[in-house]
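In what follows, a structure is listed as structure tokens, so that the remarks can point back to it.
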Amino acid sequence: MTRDILQEKILTILVQDFEFQQPGLDDNLRDVHGFDSIDAIELLGKIEIMLGCSLTREEKEKAMEIRTINDILDYLEKIQQGRVR
Amino acid sequence: MKRRVVITACSAITPIGYGQTNIVDSLQQGRSGVKPLRDDGLLTGHIHSRVFGTVDYPIAYEFTRSHRKTMGPVAFYACQVAKDVLIASGLSQEFITSGRLGVAFGSTHGSPTVQREIYKTFFNNLEEKFSSIGAVDYLRSMVHTTAVNITRMFGITGRVIATSTACTTSSQAIGFGYEMVKYGMQDAMLCGGADEYDTTTVAVFDNLLACSVDYNQTPERTPRPFDKKRDGLVVGEGGGAVLLEEYEAAKRRGAPILAEVIGFACNNNGGDLILPNLQGITSTLHLALQDAAINPTDVDYISAHATATKMGDIIESQAIAAVYGNGPHVTGLKSYTGHTMGTCGVIELIMTLYMMAEGFLAPTLNLEEVDPRCAMLRHTPGLMEAKTTIASVQNFAFGGVNTCLLIKNGREAV
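Protein chains in written order, with our numbering: chain L, 1 to 85; chain H, 86 to 499.
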């Protein structure tokens, strides 16, 4: 998936499932949207369904460094590249 | 240290209404909350009992997503009544978060609706649903989900007691909360219970031949506690909460004293997990009177457990007769709501508080011809004016757990 498609899908999830109001790509997820560690785990589950594959433990732990939507998109692109290789 | 404990706020969501006005109206109009069992697409077709004590009116929840995300349906009931109670109490946010307020709250299963969704993932095509079990499913379904969603939502930092003893869940919560305050471990306790719409509970009792099956076409005519034609219990849903406070503190801050909890007992039959036990129940009633240091003649109203099972009502009648003779009026309040399981104790306590406050007693609904084996009691003959001073709220659970709460009218307690 291209970054644009990933962005569209992630924004849809964040708005529909996490009730984000007007998400900005560089908003701090915790400070601006109250997104906490439980939400992060929940989002990873939705990402697995979106990508159609399971994430490894290492990949999931790496996701805990994410702070913004742009970070999520960077993270997803790396995951995709890893899968292609 | 022994301190007096009073009830200063309460709220209930029940099959016969939400809040005092609606519940009192249903009690005075003889309105049942028992409705046809909804089709759940899973068990309903196999269940013989097709009735349920149903909360079928909309409730305007205003919980944010950050709170909702860890809540199953049972926690919605629990948090809503807890919110009502805290608002009504007027307690300061400083006190609520001080550690001097604790929570004693429970449910029968946690959330069976959420558990069912988890099992669906297992039993459907696992390969395609590898991520369907959400990170918060445990928080939504765990057995202490009601208690800790309440602490989370309101920032309560005191003790947490999460009772889960089927039909005595919330009466135990109130009793244990009473002891926390009485003996100085906490200054106030938010106590109660909740249970959500759940057909697995109906299926379990149906298999045990304990559910009502003869009134599927006329749900409002069952359950029929103490009636000759009773044929079993009707499972129900709801939630209820009370705030217990130390008397002197409540009086100082001018809180309304709805009632005083003057006695509590909880014991176990010490054997069979299902059959009602005359000795165990009788002992509970005696122990509560001892705890309150009052005589049986001081009690003028009994909210009986009275599930309308054939054996349970007879054993309870024998226990009441042995302890009280035919002195107090007796009502089986489940005749209005069905058996709301983990929440029945607190709901029946709150109904009793409302009747005390408004000076009336409601009769057992559907009690048309008293079973001769239950006829030695003084059944509340019909809707009647009554000035109740002391009431007993009795509940008995699978597992052989028995509870009895004794409460004194708030006007008398002051």
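Where a beta carbon is used, it is the ideal one built from N, C-alpha and C, also for glycine.
Check whether residue i and residue j have beta carbons under 8 Å apart
i                : j                : result
Ala318 (chain H) : Thr392 (chain H) : Note on identity: in this sequence residue 318 (chain H) is Leu, with Ala being the wrong assignment. Their beta carbons are under 8 Å apart, which means Leu318 (chain H) touches Thr392 (chain H) by this criterion.
Ser196 (chain H) : Ser226 (chain H) : yes
Leu446 (chain H) : Gly115 (chain H) : no
Leu363 (chain H) : Ile405 (chain H) : no
Asp376 (chain H) : Phe349 (chain H) : yes
Val298 (chain H) : Leu434 (chain H) : no
Ile241 (chain H) : Phe190 (chain H) : no
Ser388 (chain H) : Ala258 (chain H) : no
Leu468 (chain H) : Gln113 (chain H) : yes
Thr473 (chain H) : Asn480 (chain H) : no
Ala344 (chain H) : Asn494 (chain H) : yes
Met91 (chain H)  : Glu443 (chain H) : Here the sequence assigns Val to residue 91 (chain H), which means Met is not the residue at that position. Result no, Cβ atoms of Val91 (chain H) and Glu443 (chain H) do not sit closer than 8 Å.
Thr198 (chain H) : Thr286 (chain H) : no
Tyr439 (chain H) : Gln200 (chain H) : no
Tyr386 (chain H) : Ser111 (chain H) : no
Ser60 (chain L)  : Leu43 (chain L)  : Looking at the sequence itself, residue 60 (chain L) is Lys, so the reference to Ser does not match. No. Outside cutoff.
Leu6 (chain L)   : Pro23 (chain L)  : no
Lys109 (chain L) : Met50 (chain L)  : Residue 109 (chain L) cannot be examined here, being either before or after the span of chain L that is shown, 1 to 85.
Ile38 (chain L)  : Val233 (chain H) : no
Leu462 (chain H) : Val415 (chain H) : yes
Asn354 (chain H) : Gly485 (chain H) : yes
Tyr142 (chain H) : Tyr204 (chain H) : no
Residues that residue i contacts on chain L, provided the C-beta gap is smaller than 7 Å
i                : result
Val221 (chain H) : Ile38 and Glu42
Lys472 (chain H) : Neighbours of Lys472 (chain H) on chain L: none; closest Cβ ~51 Å, over 7 Å.
Chain L residues whose Cβ lies nearer than 8 Å to that of residue i
i                : result
Arg150 (chain H) : Phe18 and Glu19
Lys205 (chain H) : Under the 8 Å cutoff, chain L gives no residues; its nearest Cβ is about 15 Å from Lys205 (chain H).
Cross-strand partners of residue i (DSSP beta bridge)
i                : result
Tyr386 (chain H) : H:His414 and H:Ala476
Ile492 (chain H) : H:Val346 and H:Ala476
Pro121 (chain H) : H:Val136
Val455 (chain H) : H:Asp312
Ser96 (chain H)  : H:Ala326
Val91 (chain H)  : H:Glu330 and H:Glu345
Val188 (chain H) : H:Val245 and H:Leu275
Arg463 (chain H) : H:His414
Ala446 (chain H) : Reading off the sequence, residue 446 (chain H) comes out as Leu, not Ala. H:Met469.
Gly130 (chain H) : Answer is none; Gly130 (chain H) lacks a bridge partner.
Tyr300 (chain H) : Paired residue(s): none; Tyr300 (chain H) is not in a bridge.
Tyr103 (chain H) : H:Ile98
Gly321 (chain H) : H:Gly138
Partners in chain H for residue i, counting only beta-carbon separations shorter than 8 Å
i               : result
Gly34 (chain L) : Ser151
Quiz item: How do the region 318-333 of chain H and the region 264-280 of chain H stand: do at least 3 beta-carbon pairs fall below 8 Å, yes or no?
Solution: yes
Quiz item: Per the contact definition of three or more C-beta pairs closer than 8 Å, is the region 245-259 of chain H in contact with the region 161-178 of chain H?
Solution: no
Quiz item: Can we say the region 165-172 of chain H touches the region 93-107 of chain H, given the rule of at least three CB pairs closer than 8 Å?
Solution: yes
Practice problem: Mind checking the region 390-415 of chain H against chain L and listing, in chain order, the residues whose C-beta falls within less than 7 Å of any C-beta there? | Solution: none
Quiz prompt | Proximal residues, the region 153-170 of chain H versus chain L, C-beta separation under 8 Å | solution = Lys154 and Thr155
Quiz item: Pairing CB atoms from the region 53-72 of chain L with CB atoms from the region 23-40 of chain L, are three or more of them under 8 Å?
Solution: yes
Self-check item: the region 299-310 of chain H touching the region 129-149 of chain H, judged by at least three CB pairs closer than 8 Å
Solution: yes
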